Structure formats: C-alpha cells, structure tokens
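There are 2 protein chains.
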Amino acid sequence: MPRKQQATVNAEGQLSERAQQLLKTLVERYIVEGEPVGSRQLSRDSGLDLSPATVRNIMADLEEIGMVRSPHTSAGRVPTVQGYRLFVDALLTVRPLTSRDVRQLQHKILEEAGGDSKALLATTSDLLSGLTRMAGVVSVPRRETSQWSHVEFLPLSDRRVLAILVMNEREVQNRILHLDRDYSRDELQIAANYLNAEFAGRDVSQLRSRILNEMQQARQNMNDMMSSAIRMADAVIRSSGESADPDYLLAGETNLMEFEELSDIDKLRQLFDTFKQKRDILHLLDRCTHAEGVQIYIGEESGYQVLDDLSVVTAPYEVSDDQVGVLGVIGPTRMAYERVIPIVDMTAKLLTAALNPRK
Amino acid sequence: MPRKQQATVNAEGQLSERAQQLLKTLVERYIVEGEPVGSRQLSRDSGLDLSPATVRNIMADLEEIGMVRSPHTSAGRVPTVQGYRLFVDALLTVRPLTSRDVRQLQHKILEEAGGDSKALLATTSDLLSGLTRMAGVVSVPRRETSQWSHVEFLPLSDRRVLAILVMNEREVQNRILHLDRDYSRDELQIAANYLNAEFAGRDVSQLRSRILNEMQQARQNMNDMMSSAIRMADAVIRSSGESADPDYLLAGETNLMEFEELSDIDKLRQLFDTFKQKRDILHLLDRCTHAEGVQIYIGEESGYQVLDDLSVVTAPYEVSDDQVGVLGVIGPTRMAYERVIPIVDMTAKLLTAALNPRK
DNA sequence: TCTGGCACTCGGATCAGGAGAGTGCTAAAA
DNA sequence: TTTTAGCACTCTCCTGATCCGAGTGCCAGA
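Residue numbers (the numbering used here), protein chains in the order written: chain A, 1194 to 1552; chain B, 1194 to 1552.
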C-alpha cells in the first residue's frame, strides 16, 4: 500500500464514504457528459467541500484499485467496468418512474394483452426501445409445457390435409400433412373428435410417447380410422416440435447507431450480425431468465466481444409463477442506469401481469 | 456549342464511337477502383490510342452534356447518374454466369421448392445477398384474391373466442375476438357451420359488403344466432384485412455497411429505418412488379432520398404466368452491374421455375 | 490530513509548406 | 481539321511546427 492516505480504502478493502461519493458523482457526470471528468469539476460537484488537489489524491487511489482510469495523462478520469459495477451495485440512486409513465406503459401493454402473445412481446420490445432510446429485447419463451387444446383437419387436394393445432388455448400452428390416401371430410372430423377427446388438456411432450405406444397397438387391434388418427397426430406433433424456435424480438437496433461508442462501422456491423445470428444473444438472455430480478451486464462482463462497449439490463417475466422469459435493453455502457433499471423492472412486471390475467 | 471537336456529339445528339468507348472504360474503372479516373489512365486503358490531351478534350465535352463530373478541379472524372444510365443501357457487356454458378443457384432454390413458399422466398433473398455481397430483397406477393375456405371458433375464457380462418385452402389466420357475451361450444359450432356454408369459396373482398348488408337486415328479421355469426364474421374479416401484410424479405443489409458510400452513420441509419418502415421500399418494388424484365434504378432515379447513393436492380417473377412479385438487389450506385444484372435475371427465372412446378 | 502552487504532459486546433495528380489552354505538329 | 505536347494553374492531402487549454503529479507548507 504505497498510498499515504488511509482514508480512501480501509482495512476490509472498502471504500471510504467520500471516495464512494466522489466515484458516484464521477460516474453520474460521465454518463451525462460523455467526457473524462477532471478534479476541479468533481471538487465542485461532489458536494463534499474538498479541494481539487485532494480529489486528485483520491482519484489516484481509485485508479490504483481499478475503479477509474484516464485515457491519457492530462485528461480527467473515466469509470472502468469495475467502477460502473460498484456504482450500479451500491451507489446508484434509482429514479423511479413517474406515475404518468407507468400509466402509459400499462395502457399500451394492456391494449395488446388480449390478443396474440407474440404481438404483445413485440409491442413490449418496441416500448422498451422507445422509452430508453436504445435497443429493446424480449425473449420468446420456449414452451416446454404445451397443452393440446384442439385440432382440426381440413381436406385439401391430392391426399393433402391441412392440420390446425391449437395449443395453450391461443397458439395456433398449422401444418400440411401428406397422407397415404384421400380422406373424406367426415372421416377427418371423426379423427379430430377422437384426438380432441383423448388429448385435450394433455401436455404435448407427454403425448409423444403415448402416441408411439398407441401406434404399436394400433397395428393389432384398432380400427382403421383410429390408427389413421393416431398417425395424423404423430405427424402434427412431430412437425410442431420442429418449429419450436427459440427466439427473441429485437426493436430499435438503429437507435444504437446514434452513440459514439458505436460510430465505428466495423463494430456496428459485427453487432448487427450478432443480432441476426441470434445465437449469442439468446445464450446471454438464457442466462438471465432464471436470475432473480434485474440483471446487469456491464461491458465485457457479458463475455461477448461484440458487447464490449455495451451494457445489457434485463429482468425476467413470469407466466403462471414460472420465469419463462426475459426482457431488457441493450445500450452503451455509458447509459443512464438510474432511469433504465426502473423502466426494465416495471416493464417486466407489467408484462407478467398482462400474461397472467387471472391473478 | 463552344467546343471545336465535332466528333464527340453528332447532329442527332448521339455520342461518337470513341466517346462511348471512353465513357465505358471510365465507368468500368471507376466501378473497380472507386476513385476519379484521370485522362492519362483513360488514354492507356481505353484501347483507343489517344493521347491524354485528346482524352481531356473529350472529357470536357462529356462533362458538358452531363455524363461525367469532377469532384474538384484537379481530380479525374466520375460518372454521373446519366453516365451510369447510358453505360447500363447501351455500353454494358454483361458477364454471363458460369454454368457452375447457375447449377449451384438452381440446387439451392429447388431444395426449398417443395416446402413453405415464404421460406423459399427467404432463401432466395439470402442467395441474392450472398452472391452479390449486397442486400437482397424479395417481395412477398399479396394475394388480391383470398378465398374463404373455412372458419372455426374455439371458446376461450371470459367472452373471448379464438377464431381460425383458413383462406385459399392453406393460409391460416387466427384472431382472438372479444364478444358481448359468453357463447357455448355448440353455439359457436352452429355459427361456424352457417358461415362456412354461406361463404366457402367466396372471395373475401366481396364478402365485406355482403356482410355489411346482412348486418343491417339482421336487426330486423334474423334470429339472434345468425346475427351473432354475422358479427363474428365481420370481426374476423376486418382483422384479417389488417394483417394482409404487404411485405418483403430483406437479407444481408449489413453487407451495405462495408461500402464507403455509406460510411456516414446518419445516412446508414436513415437507410435502415427506411428498410424497417417498409413503406417506401414496398412502393418502389411495386413499381417494378409489372415491368418487363430487369429494371434498374440508379441513384436518385428511384426518387427516394435515402437511396441517393444506391442503385436497385430488380426483376419480376411469375406465378402461373402472372408477374406477382419482384426480387432484386440493393447496393451502391458504384456496383458491378455486369455481374449483378445476370444474377438478378437468372434468380428471377429460377424462382419462377420453382414456384411453377407444373410446367 | 488537507491544500496551494508549479512544472509537466498530452491532445486538439490551426497554419504553412510541399508533393502529387490532373486539368485547361495554347500553340505546334500531323 | 484534328491531335498532341507543353506549361501554368488549381486543388487535395500529408507533414511538421506551434500554441493553447485542461488536467495531472508531486512537493512543501498550512
């Protein structure tokens, strides 16, 4: 410990009160100005009545423990990832949303709540990006638990049948089945009735094995119609498995172009390509899905090189008390956390509410 | 006509042989180099055995009639939109695709041909962007003629009903309707049966007016169930109209970031926003849908300010002898037309072939 | 333990000068 | 009459020099 000042870091490695205060004002100023903060300005703004020289000493200490750094000798200081981390974890004073904002959000989300759940998620993503002027993301939950609600078969031509499968009482999937022979409308109706009676309310993943079972038995003792029905169910379920695309909805990517952090076209391109490929982003979102409350990845913390100058603020949302998905905001590391965090938090709560009308 | 040389522009306003040749080499060089072309280089590369001084004279003429311009006094010449136009219309020597390229294209397109037609269009768009390293677009044909095939109502909870409407025997749309009271499963079945009996095979656009008619009559003499059915049909069709999304598929936008023409972040952002809003692009594509063969919009010719430094090369594709859609490529005005044109042309032909398996 | 003072460092803006590329014009050559 | 060579001129781009301001680090004194 080459420093003379004991006050900055105490024996347990904790920052002194005033060092924290200084770091806080530094980060706050840097977030609004975007330029390195000098000792004079800090001494004025911190509200601590310390001379610039003292501030400089403390800054030197903060630099030593990796909370700030200076871009070059005669520039002010800039927070490091660690500095942001401490700021976000301990120093931040959250600015709660105005009740007006909340009402607006609520209004827009509830407007969509009745309809298609995918549309609701898309709207939510739009809202996030609109409110924060950054990029909004909402993960589309992959349903492990899909309940069979209803199936319907419509004869097309040439042995082709359009199968419409409704799951979870609202998600509609349709497949074209190629069958071994023509079926009449009545035959199809019977098959559908049979399947609906047997399967309604069941979990699709459990149905698979049952269908396999019945297919074997069918060879022996079931009549032709039932065995056809089972085969159709098999075809429907199999293809519905394929399209279980893990996915996420992104909005307002173009907002990110405004930030100088991304004025480098190459970085921007890499970022957009990453968005398009989806893999990395999905992986990152997955990590947050089962976390407790608002999660924040600052800069390199995310572990993805393209996100080095960016931060990701997420919060999970729930369907029937299960954290099935996550929503959030992607923006420059230098973002207004005190505003973004409550926005993300509240949006997650409202989305949860919209998705769980019963409660 | 202050020029002494008569040779450059003849009496009918046509360019002399060698002026054309020079313009051609100028455009060709500019396309590969991206920098203003000087008289010395032109004199060497044109194959005309003219001294730089002569070339300079001709250049002055070409500048006067608006074919080329110089960015500043002591730079070489650069083609104007008019120059590109003449080049593309009259001077271009198309470089046909190698048969290997054609086979590859064919292979990839036919691979998708059996399945979902939207997936096929998406693949096509990918191929275009991959081959040209620019952005690929494919318009999704809007169906003017949507035939009502079948409707199905499923009761959810709280007066909400899931309506599944099948059109054209394969396109499924689903809507959640909010009704004035709860309906039993049987009631809904009756309503669906009634509507299907009345409407199956009819054109949806014609149905609208009919529904309005019947709604008026219903007030007086129809029973409650029929009038409910009509109201439901109205709700279904109204919402299906909304989602009759005219659309297009875009691929490889990020390729555009590589070009210096778009190194300006603001322009880039405007462009991407335009892509997202879809309106302008759709309008542009619409214009090309019914054109004969390959269409090219160079720079400002498109009429959209965001596309000022870009060119659009398109070709329509057909379904049952109707030009229903258009595909193309968007890239910098300074693009390798002699390569892009055959690619777009061939892709349109292959897509047409893939969409019309009967022939 | 804090503060004032001072030398020092660095980045950014501004300016001048020179090199290079290419032109336009004129006068001579073909 | 058309082409060419020559030459002065213009403009961009690069480089180096200089200056200014901001902010630091450190030391000595309060």
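Beta carbons are placed, not taken as given, at the ideal position from N, Cα and C, and that holds for glycine. Keep in mind that this is a model prediction, so the values were computed, not measured.
For residue i, list the residues DSSP reports as bridge partners.
i, result
"R1270(A)", "V1230(A)"
"P1525(B)", "L1503(B)"
"R1262(A)", "V1271(A)"
"L1442(A)", "V1331(A)"
"D1515(B)", "V1512(B)"
"L1183(A)", "The question about residue 1183(A) has no answer here: the residues shown for chain A are numbered 1194 through 1552."
Spatial neighbours of residue i within its chain, please: C-beta separation below 8 Å, excluding the five flanking residues on both sides.
i, result
"Y1365(A)", "Looking at the sequence itself, residue 1365(A) is Val, so the reference to Tyr does not match. For V1365(A), where only same-chain residues beyond five positions count, the Cβ hits under 8 Å are I1357, L1358, V1359."
"A1426(A)", "V1344, L1388, F1392, L1400, I1404"
"Q1382(A)", "F1346"
"E1595(A)", "Residue 1595(A) falls outside the range modelled here, since chain A spans only 1194 to 1552, and no answer is possible."
"L1349(A)", "L1355, I1369"
"L1216(B)", "L1208, L1255, M1260, V1261, P1272, G1276, L1279, F1280, L1284"
"E1362(B)", "Q1340, S1342"
"K1552(B)", "The pLDDT assigned to K1552(B) is 46, lower than 50, so where the model puts this residue is not dependable; a value taken from the coordinates is nonetheless given after this. A1546, listed in sequence order."
"L1320(B)", "L1298, K1301, I1302, G1329, T1540"
Assuming residue i contacts residue j under a Cβ cut-off of 8 Å, what Cβ separation, rounded to an integer in Å, is found between them?
i, j, result
"L1243(B)", "V1331(B)", "Contact doesn't hold; Cβ gap of about 45 Å is too wide."
"L1544(A)", "L1520(A)", "6 Å"
"E1446(B)", "F1468(B)", "6 Å"
"L1548(A)", "V1522(A)", "With 8 Å as the limit, L1548(A) and V1522(A) do not qualify as a contact, their Cβ atoms being about 19 Å apart."
"E1305(A)", "L1313(A)", "4 Å"
"M1528(B)", "S1504(B)", "6 Å"
"Y1510(A)", "A1484(A)", "Contact doesn't hold; Cβ gap of about 12 Å is too wide."
"L1241(A)", "Q1214(A)", "6 Å"
"I1491(A)", "V1274(A)", "5 Å"
"L1477(A)", "Y1497(A)", "7 Å"
"V1499(A)", "L1455(A)", "V1499(A) to L1455(A), Cβ: 10 Å. No contact."
Around the C-beta of residue i, are 16 or more other C-beta atoms found within 10 angstroms, so that it is buried, or is it exposed?
i, result
"S1339(B)", "buried"
"V1574(B)", "For chain B, the structure presents residues 1194 to 1552; residue 1574(B) sits outside this window and is missing."
"K1197(B)", "Only weak support is given to the placement of K1197(B): the predicted model assigns it a pLDDT of 42, under 50, and the question is left unresolved by the model."
"Q1409(A)", "exposed"
"M1327(B)", "buried"
"T1291(A)", "exposed"
"V1248(B)", "buried"
"R1293(B)", "exposed"
"Q1160(B)", "For chain B, the structure presents residues 1194 to 1552; residue 1160(B) sits outside this window and is missing."
"D1514(A)", "exposed"
"P1195(B)", "Annotation note: pLDDT 39 at P1195(B) (below 50); position unreliable, coordinate value reported separately. So P1195(B) counts as exposed."
"E1407(A)", "buried"
"V1225(A)", "exposed"
"T1266(B)", "exposed"
"G1394(B)", "exposed"
"A1422(B)", "buried"
"N1367(B)", "buried"
Skipping 5 residues on each side, what residues in its chain have a beta carbon closer than 6 Å to that of residue i?
i, result
"A1428(B)", "L1370"
"P1245(B)", "S1232, R1233, S1236"
"P1334(A)", "V1517, G1518"
"T1316(A)", "E1305"
"G1524(B)", "M1327"
"R1211(B)", "L1241"
"D1375(B)", "R1352"
Taking 7 Å as the limit between beta carbons, can you name the residues of its chain near residue i, skipping five residues before and five after?
i, result
"V1230(B)", "L1219, R1222, Y1223, G1269, R1270"
"S1564(B)", "Because chain B in this structure spans residues 1194 to 1552, residue 1564(B) falls outside the shown range and cannot be described."
"L1285(A)", "Y1530, E1531"
"M1418(B)", "E1380, I1383, A1384"
"D1238(B)", "T1218, R1222"
"T1325(A)", "V1522, G1524, V1533, I1536"
"P1289(A)", "P1535"
"M1252(A)", "S1232, V1261, R1270"
"R1378(B)", "P1348"
"V1295(B)", "M1539"
"G1486(A)", "A1508"
Task: Segments of 4+ residues assigned as alpha helix (DSSP H) that fall wholly inside the stretch 1354–1414 of chain B - done: 1378–1392, 1397–1414
Open item on the list: My parser needs the beta strand (DSSP E) runs of 3 or more residues fully inside the stretch 1479–1510 of chain B; what are they?
Closed with: 1488–1491
- [ ] Give, in chain order, every unbroken run of the beta strand (DSSP E) that is at least 3 residues long and sits entirely within the stretch 1309–1353 of chain B.
- [x] 1328–1333, 1341–1348
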